Amino acid sequence: MPHPLVTQEMIDSYQRDGVVLVRGLFADHVETLRAGVAANMASPGPYASENEKRGETGRFFDDYCNWTRIPEFREAVETSPAAEVAADLMQSETAQMFHDHVLVKEPGTSMATPWHQDGPYYFVEGRQTISFWSPLDPVREATLRCVAGSHMWEKEVLPTRWVSEEGYFPDEGQYIPVPDPEAEGMTIVEFEMEPGDAVAFNYRTLHGARGNTSEARRRAFSLRLVGDDARYVERPGRTSPPYPGHEMKPGQRLREDWFPILFRR
7 MPHPLVTQEM
17 IDSYQRDGVV
27 LVRGLFADHV
37 ETLRAGVAAN
47 MASPGPYASE
57 NEKRGETGRF
67 FDDYCNWTRI
77 PEFREAVETS
87 PAAEVAADLM
97 QSETAQMFHD
107 HVLVKEPGTS
117 MATPWHQDGP
127 YYFVEGRQTI
137 SFWSPLDPVR
147 EATLRCVAGS
157 HMWEKEVLPT
167 RWVSEEGYFP
177 DEGQYIPVPD
187 PEAEGMTIVE
197 FEMEPGDAVA
207 FNYRTLHGAR
217 GNTSEARRRA
227 FSLRLVGDDA
237 RYVERPGRTS
247 PPYPGHEMKP
257 GQRLREDWFP
267 ILFRR
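The sequence shown maps to residues 7 to 271 in our numbering.
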């Protein structure tokens, strides 16, 4: 039986559309995660960015791979139902940690999160992958937006750098250009959300977010997990996150001393 937060309809939707809403996934951890975000912003990690782009207003902070040094993040990762819910939605026997990500858009932040797929930036591939994007403030316009079914596209979208808009890797024909889902009439899924709700989406699901034109902060915590079939893959350049010195070989499962199994059925 799936976790009480999960229904068979949600599992079917996730498999078909690559995205589903999970109400209250981190409901018991909102204050803890808010404290973690404050600690993260006070002491950014080596991958932190302010996403400063000419012509844009406000502050857009993001940082990742901090769960091992920020106790509040570790608590949410290890004690929330996220890993079991992930295994249910992925239809996997296991849920394995990949990394965490914090994204904060202060009031009046004009910069949008560009349309992108997470998978092409990562050194892991598989059908069983999942990201949870959970706001720590009520969100309306600044919520996450996903293109239904994009996880099934034959080719992945070219990964680009958010500020410079340059390609992250050389494109030798393996990628498609970043599309404009609204202009191209794609089915965009988005939700009004309360703190602790979470959008679950596949690493290959195209997604983005508008700027934050409201008068309130938009803090979001993301958790990225993988399932049974996920394997290490080499990319044409430095991945994001890079995890230097991992020593994994193509086709291997992610090493469990760095990427622990959080749930096993």
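Yeah, the Cβ is synthetic: ideal placement off N, Cα and C, and Gly gets one too. If you're wondering where the values come from, they're calculated on a predicted model, not measured in any experiment.
Between the C-alpha atoms of L260 and S246 there is a straight-line separation of about 15 Å. For S19, the enclosing alpha helix (DSSP H) begins and ends at Q14 to D23.
For V91, the enclosing alpha helix (DSSP H) begins and ends at A88 to M96. Residue environment analysis places M96 among the buried positions, since at least 16 neighbouring C-beta atoms fall within 10 angstroms of its C-beta.
Looking at the DSSP output, S55 sits in a beta bridge with D68. Membership of F207 in the beta strand (DSSP E) is indicated by the continuous run A204 to F207.
For E171, the closest C-alpha among the options A92, S140, R60 and P266 is that of R60. For P141, the uninterrupted beta strand (DSSP E) run begins and ends at T135 to P141, by DSSP. Per DSSP, L268 is one residue of the beta strand (DSSP E) stretching across I267 to R270. The region 221-233 makes no contact with the region 174-194, as fewer than three CB pairs between them are under 8 Å.
G191 is classed as exposed because its beta carbon has fewer than 16 other beta carbons within 10 Å across all chains shown. Counting along the chain, the unbroken beta strand (DSSP E) around T100 starts and ends at T100 to K111. Residue burial is scored here from C-beta neighbours: I182 has fewer than 16 other C-beta atoms within 10 angstroms and is therefore classed as exposed. DSSP places E190 outside any beta strand (DSSP E), giving it a letter other than H or E. Within the same chain, Cβ atoms closer than 6 Å to the Cβ of V195 are found at V25, C152 and A154, the five residues on either side in sequence being excluded. Where G214 is concerned, the enclosing beta strand (DSSP E) starts and stops at H213 to A215. Judged by pairs of C-beta atoms under 8 Å, the region 73-90 does not touch the region 238-257, as fewer than three such pairs exist.
Note: R237 is bridge-paired with E131 in the DSSP secondary-structure output.
Pairing W139 with D124, the inter-Cα distance amounts to about 12 Å. For V232 and A222, the gap between their C-alpha atoms comes out near 33 Å.
Using a Cβ distance threshold of 9 Å, D68 and H107 count as a contacting pair. By the CB criterion at 9 Å, T119 and R210 fall outside the cutoff.
Following the DSSP letters along the chain, one finds A226 in no alpha helix (DSSP H) but inside the beta strand (DSSP E) bounded by residues R224 to V232. In the three-state DSSP reduction, P77 falls in the helix class (H, G or I).
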